[in-house]
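Student: So that we are looking at the same thing, I have put the structure below in structure tokens.
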Amino acid sequence: MKHSPLFLPHGAPDLYLTPSPAQSFLRQLGPRLQNTKAFVVISPHWRTRSLCVSAPGPLKTIHDFNGFPQELYELSYPAIATPSLVDQVLRALCQAGFAAQTDPNWGLDHGAWIPLLLADPAGEHPIVQVSLPKQYDILESIELGRALAPLADEGIQVLGTGSTIHNFQELGPHDEPPPAWAVAFDELVHDVIKRGDINAIANLVSSPLYQRALPTDEHFLPLCVALGAAGPRAQGRRMHSSYTHRTLSMAAYEFTETPAA
2 MKHSPLFLPH GAPDLYLTPS PAQSFLRQLG PRLQNTKAFV VISPHWRTRS LCVSAPGPLK
62 TIHDFNGFPQ ELYELSYPAI ATPSLVDQVL RALCQAGFAA QTDPNWGLDH GAWIPLLLAD
122 PAGEHPIVQV SLPKQYDILE SIELGRALAP LADEGIQVLG TGSTIHNFQE LGPHDEPPPA
182 WAVAFDELVH DVIKRGDINA IANLVSSPLY QRALPTDEHF LPLCVALGAA GPRAQGRRMH
242 SSYTHRTLSM AAYEFTETPA A
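Quick note: the sequence shown uses our numbering, first residue 2, plus one each step.
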């Protein structure tokens with residue numbers, strides 16, 4: 002059964018500890034994910050020079066953050082990259098013209114394991130993380146997603162994680178409401194995503210709000226990978242919308258392909 006690719010927010014690392022609408026959304030998402038065969042995850046926190054995927058074996062839980070409660074550093078996620086899943090991912094990438102290599106030194110960064118720990122705490126599904134090459138832009142990220150589309154067709158859940166607004170310079174308290182400019186940009190993103198307008202998505206970079214919302218865009222690009230993984234006629238449905246720390250959007254999207262005319 003085909004699985005619609007998803008884009009999930011990972012928020013600040015304390016998302017797991019601090020009750021919020023986004024935390025509740027991710028916990029409630031769990032039953033929907035139980036019938037997947039495996040997860041392929043793209044996080045903004047594994048940036049590489051060349052395209053990499055997890056090597057087979059247990060995936061260590063990477064605590065790639067500082068200054069948070071000790072409880073977070075004691076959490077772990079029981080993830081395993083099976084040889085068969087790694088081979089499936091490498092084969093799909095190769096068939097689409099992407100050269101990729103396995104990395105035995107990586108595991109799951111917090112952009113991957115925190116939303117998974119909320120949505121699928123048992124960790125019984127095989128997982129492979131795919132890196133995000135540093136030079137990729139929006140269109141290249143969509144093409145990477147299209148290379149992963151056959152995996153979604155085979156019942157594997159493709160997950161991009163990140164945030165449609167990720168401005169650390171203007172953060173506020175956990176429950177401070179978002180500024181008007183943030184809501185305006187999030188609605189602009191929502192409009193182009195629900196229409197599946199690839200040109201408009203690529204042209205978001207020309208919006209006066211883009212640099213303010215995304216001073217660096219690595220947190221947005223996994224959304225583009227997830228969109229691409231739904232196919233060339235993909236459109237997005239917003240599943241959740243909220244904010245934390247004033248300028249972190251917790252929007253979540255599901256991507257499906259519209260029938261050919």
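Virtual Cβ for every residue (Gly too), placed ideally from N, Cα, C.
From Y78 to F40, what distance separates their C-alpha atoms?
Tutor: 14 angstroms
Student: Check F99 in the structure and name its three-state DSSP category.
Tutor: coil
Student: Taking just the CA atoms, how far does R239 sit from A253?
Tutor: 6 angstroms
Student: Using the Cα positions of A56 and V87, report the straight-line distance between them to the nearest angstrom.
Tutor: 7 angstroms
Student: Report the residue ranges of all beta strand (DSSP E) runs contained in full by the region 199–253; include only those spanning at least 3 residues, in chain order.
Tutor: 235–241
Student: Per DSSP, H167 is paired with what?
Tutor: L249
Student: Would you list the one or two residues that DSSP bridges to R48?
Tutor: L133
Student: Examine the Cβ distances between the region 92–106 and the region 30–38 and report whether three or more of them are shorter than 8 angstroms.
Tutor: no
Student: Cα separation between A185 and N204?
Tutor: 16 angstroms
Student: Taking 9 angstroms as the threshold (C-beta atoms), are L160 and A231 in contact?
Tutor: no
Student: Where do the N-terminal and C-terminal ends of the alpha helix (DSSP H) with G124 fall, by residue?
Tutor: Run containing G124: none; DSSP gives neither H nor E here.
Student: Out of A120, L94, F69, state which residue places its alpha-carbon closest to the alpha-carbon of L7.
Tutor: Ranking A120, L94, F69 by Cα distance to L7 puts A120 first.
Student: For a test of the three-state rule: what should DSSP assign to E141, helix, strand or coil?
Tutor: helix
Student: What do you get for Q71, buried or exposed, if any count of 16 or more other CB atoms within 10 angstroms of its CB means buried?
Tutor: Under the 10 Å beta carbon count, Q71 is surrounded by fewer than 16 other beta carbons and is classified as exposed.
Student: May I ask you to report which of helix, strand or coil DSSP gives I115?
Tutor: DSSP places I115 in helix when its eight states are reduced to three.
Student: L59 lies in the alpha helix (DSSP H); which residues open and close that run?
Tutor: The sequence given here places Pro at residue 59; Leu does not occur at that position. Careful: P59 lies outside any alpha helix (DSSP H), inside the beta strand (DSSP E) at 58–60.
Student: Do you know how far the Cα of S142 is from the Cα of D218?
Tutor: 11 angstroms
Student: Would you kindly report the start and end of the unbroken alpha helix (DSSP H) that includes A181?
Tutor: 181–196
Student: Determine the burial state of E75: buried for a count of at least 16 other Cβ atoms within 10 Å of its Cβ, exposed for fewer.
Tutor: exposed
Student: Taking T162 as the reference, give the member of W114, A80, I63, A123 with the closest Cα.
Tutor: W114
Student: Is G173 closer than 9 angstroms to Q236 when the C-beta atoms are compared?
Tutor: Q236 places its beta carbon 9 angstroms or farther from that of G173.
Student: Could you have a look at F66 and say whether DSSP puts it in helix, strand or coil?
Tutor: Correct three-state label for F66: coil.
Student: What is the DSSP secondary structure of G156, reduced to helix, strand or coil?
Tutor: coil
Student: Within 9 angstroms of any Cβ in chain C, is that where the Cβ of S85 sits?
Tutor: Among the chains of the structure shown, chain C does not appear; only one protein chain is present.
Student: With H, G and I counted as helix, E and B as strand and the rest as coil, what does DSSP make of E72?
Tutor: helix
Student: State the Cα-Cα distance for the pair T257 and S5, rounded to the nearest angstrom.
Tutor: Their backbone Cα atoms lie some 6 angstroms apart in a straight line.
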